[in-house]
Amino acid sequence: MKLHPVNRINGHLPLAGDKSISHRVALIAALASGYSRITNFSSAQDCASTLSCLNQLGVEIERSGNEVRIHGAKLRSPADPLDCGNSGTTMRILTGVLAGQNFSSKLVGDDSLSSRPMRRIIEPLELMGAKISSNDGKPPLLVEGSNDLRPISYKLPMASAQVKSAILFAALGTHGRTQVKESSLSRDHTERLFNGFGVNVITDHDLTVTLDGPAQLVGGDIRIPGDVSSAAYFIAAAMLLPNSTLTIDSVGLNPTRAEFLSVFRKWGANITIENLQTEHNEPVGTVVVKGGLNSIEIAQGDRRLDGAQIPALIDELPLLAVVGSQVAGGIEIRDAGELRHKESDRLRATAINLRKMGCEVEEYEDGLAIDGPTRLIGVPLESFGDHRIAMAFSVAALVADGPTEISGADCVDISFPEFFKLLDGLTAS
Ligand code: S3P
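Counting in our numbering, the sequence shown runs from 354 upward without gaps.
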């Protein structure tokens, strides 16, 4: 994909449904009693992987564009391995579901997913009574489920919504109280959705999530809010390009996901939220961005991203690194070692690409220090097969001098297949 510098982003961004919420709603609807009609379902390839796995498990699914209808069913043993594709969320949360079923199943993934750590779900699910074998802690996974799992009290060794969710799904079939404690809050869509689909989940002030099993989900209709992580690339491009005006309606604004908006504001962006409402327990609103950064003095503390803030920024960190290269004084990201275990090693990939574009970057085991403001240079770059790297560096390309070519950029289909078409439609040189 060849990208050229542009002067502005202008117009209205139509946004497909949130990927994280779509995965969860599909799994919930499959396990629920009755029928669910889901509108604005994510167009991401990852969510199609979740639907096709559910289909293999005997769930009846009708899909017409972004509308998905699911008839809740008793899952049945799959004839073939369940292909999770590139999707860590599919593999990790589905394993939680399958841990509680009275049959065995095998989960496989592509090369990237096959190199990602799975001990984090294997350990708690085995404590609950499932048997899971793996390739030295990595996929493929062979899950021997049981409909007699035990409830557990478990402290997560890292903030992970996927692990928390796998445990909560497994807990639905247990008799007793399951508690999952996090040290900093990861995205809480599963908790909000369970409460909306008839299962009471309580999170207390010390971040302990409690679910009393057995508990039955009840199907219903839901509209998925727009994907704030997809919106982030357009918001960043609009704020970096003076004379831009961008409006995005119905964006999911869950605070465990939308923290990057506060960071961008602290870095001088003009971003406002309108029509803030609650839909199906999730905050949703219109995001309006006016281009150009205010030349404010940015406090040292606001140029450092670390600690409890990191889980709420996790998927936006490569993009924050790109934007950080334009911030006076530069930025630093720490406590983000989890980025090394995503679809690619995102600390490495970000450092390599930013350096190629002429930016001075220091790489740590758990983060990056990025010098700014840097005049970026258009050069050939790699996506590392990672959708978020491809999109973050497409934004870098828009503000660089000269054209940038990103190889393997079609991986954007994993979360945002419309990305390049929408970018083309909203940019003007
Ligand atoms: C996700 C959780 C996060 C995130 C991923 C999606 C989810 O991963 O990075 O893109 O939908 O639960 P972790 O749970 O590993 O932090």
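We put the CB at the ideal spot given by N, CA and C, even for glycine.
- By Cβ distance, which residues of its chain are closer than 8 Å to alanine 447, with the 5 residues on each side in sequence left out? Here residue 447 refers to the residue found at position 94 of the sequence shown. Note that residue 447 corresponds to leucine in the displayed sequence, not to alanine. Contacts found: Leu380, Thr403, Cys406, Leu435, Cys437 and Leu460.
- Message: When you compare the CB positions of asparagine 439 and glycine 453, do they come within less than 8 Å of one another, or not?
- Response: The count along the sequence shown starts at 1 and reaches residue 439 at position 86. The count along the sequence shown starts at 1 and reaches residue 453 at position 100. Cβ atoms of asparagine 439 and glycine 453: not closer than 8 Å.
- Message: Assuming the contact rule is C-beta atoms closer than 8 Å, leucine 672 and alanine 753 should be a hit. Round their C-beta distance to whole Å, please.
- Response: Mapped onto the sequence shown, residue 672 falls at position 319. Mapped onto the sequence shown, residue 753 falls at position 400. Between leucine 672 and alanine 753 the beta-carbon gap is near 15 Å, outside 8 Å, which marks them as no contact.
- For alanine 514, the nearest candidate out of Leu599, Glu691, Ala591 and Val421 (CA to CA): Position 161 of the sequence shown, counted from the start, is the residue given in the question as residue 514. Nearest option by C-alpha distance: Glu691.
- For proline 636, which of helix, strand or coil comes out of DSSP? Your numbering for residue 636 matches position 283 in the sequence shown. Correct three-state label for proline 636: strand.
- Message: I'd like to check one pair, serine 597 with proline 578: are the Cβ atoms closer than 8 Å?
- Response: Against the sequence shown, residue 578 aligns to sequence position 225. Against the sequence shown, residue 597 aligns to sequence position 244. Cβ distance not < 8 Å, so proline 578 and serine 597 don't count as in contact.
- Take proline 477 and list the residues in its own chain whose beta-carbon comes closer than 6 Å to its own, dropping the five residues that flank it on each side. Stepping through the sequence shown from its first residue, residue 477 is reached at position 124. Excluding five sequence positions before and after proline 477, the CB atoms of its chain that fall closer than 6 Å to its own CB belong to Tyr507 and Ile520, given in chain order.
- Fully enclosed by the segment 557–606, which beta strand (DSSP E) runs are 3 residues long or longer? Restricting attention to beta strand (DSSP E) runs no shorter than 3 residues, the segment 557–606 encloses them at 561–566, 574–576 and 598–605, ordered along the chain.
- Classification of glycine 529 by the beta-carbon crowding that lies within 10 angstroms, buried from 16 upward: Sequence index remark: in the sequence shown, residue 529 carries index 176 (1-based). Burial state of glycine 529 is exposed, judged by a 10 Å Cβ sphere holding fewer than 16 other Cβ atoms.
- Message: Based on DSSP bridge pairs, tell me the residues matched to lysine 491.
- Response: Within the sequence shown, numbered from 1, the residue matching residue 491 stands at position 138. Paired residues: Asn488.
- Message: Between the alpha carbons of proline 510 and glutamate 535, how many angstroms are there, rounded?
- Response: Along the sequence shown, one-based indexing puts residue 510 at 157. Along the sequence shown, one-based indexing puts residue 535 at 182. Approximately 8 Å between the Cα atoms of the pair.
- Query: If you drop the 5 nearest sequence neighbours on each side, which residues of the same chain put their C-beta closer than 6 Å to that of arginine 657?
  - Reply: Residue mapping note: residue 657 aligns to position 304 of the sequence shown, counting from 1. Excluding sequence neighbours, arginine 657 sits near Glu685.
- Task: State buried or exposed for lysine 695, treating a residue as buried only when at least 16 other CB atoms are found within 10 Å of its CB.
- Result: Counting from 1 along the sequence shown, the entry for residue 695 is found at position 342. With a threshold of 16 other beta carbon atoms within 10 Å, lysine 695 meets it and is buried.
- Query: Between which two residues does the alpha helix (DSSP H) harbouring lysine 619 extend?
  - Reply: Here residue 619 is taken as the residue at index 266 of the sequence shown, counted from 1. Start and end: 612–619.
- Message: Can you tell me whether proline 595 is buried or exposed? The criterion is at least 16 other CB atoms within 10 Å of its CB, across all chains shown.
- Response: Counted from its first residue, the sequence shown places residue 595 at position 242. Counting the other Cβ atoms within 10 Å of the Cβ of proline 595 gives fewer than 16, which makes it exposed.
- glutamine 515 beta carbon near the ligand S3P (any heavy atom closer than 7 Å): For the purposes of this step, residue 515 is taken as residue 162 along the sequence shown, with counting starting at 1. At least one heavy atom of the ligand S3P is nearer than 7 Å to the Cβ of glutamine 515, so yes.
- Message: Quick check: does the Cβ of aspartate 580 come within less than 7 Å of any heavy atom belonging to the ligand S3P?
- Response: Taking the first residue of the sequence shown as 1, we reach residue 580 at position 227. Not so, every heavy atom of the ligand S3P lies at least 7 Å from the Cβ.
- Task: Could you work out which residue in Val748, Arg701 and Val641 is closest to serine 678 when comparing CA atoms only?
- Result: Stepping through the sequence shown from its first residue, residue 678 is reached at position 325. Nearest Cα to serine 678 within the set Val748, Arg701 and Val641: Val748.
- Message: If I measure Cβ to Cβ from alanine 397 and keep anything under 6 Å in the same chain, skipping five residues before and after, which residues do I get?
- Response: Translated into the one-based positions of the sequence shown, residue 397 becomes position 44. Excluding residues within five positions, the ones whose Cβ falls inside 6 Å are Lys372 and Ser768.
- Message: Quick check on glycine 462: does DSSP put it in helix, strand or coil?
- Response: Here residue 462 corresponds to residue number 109 of the sequence shown, with the count starting at 1. DSSP places glycine 462 in coil when its eight states are reduced to three.
- Item | glutamate 627 - partner residues in DSSP beta bridges | Against the sequence shown, residue 627 aligns to sequence position 274. Bridge partners of glutamate 627: Thr639.
- Message: Just to confirm the assignment, what range does the beta strand (DSSP E) spanning alanine 722 have?
- Response: Along the sequence shown, read from residue 1 onward, the residue named residue 722 stands at position 369. Per DSSP, the continuous beta strand (DSSP E) segment holding alanine 722 begins and ends at 720–723.
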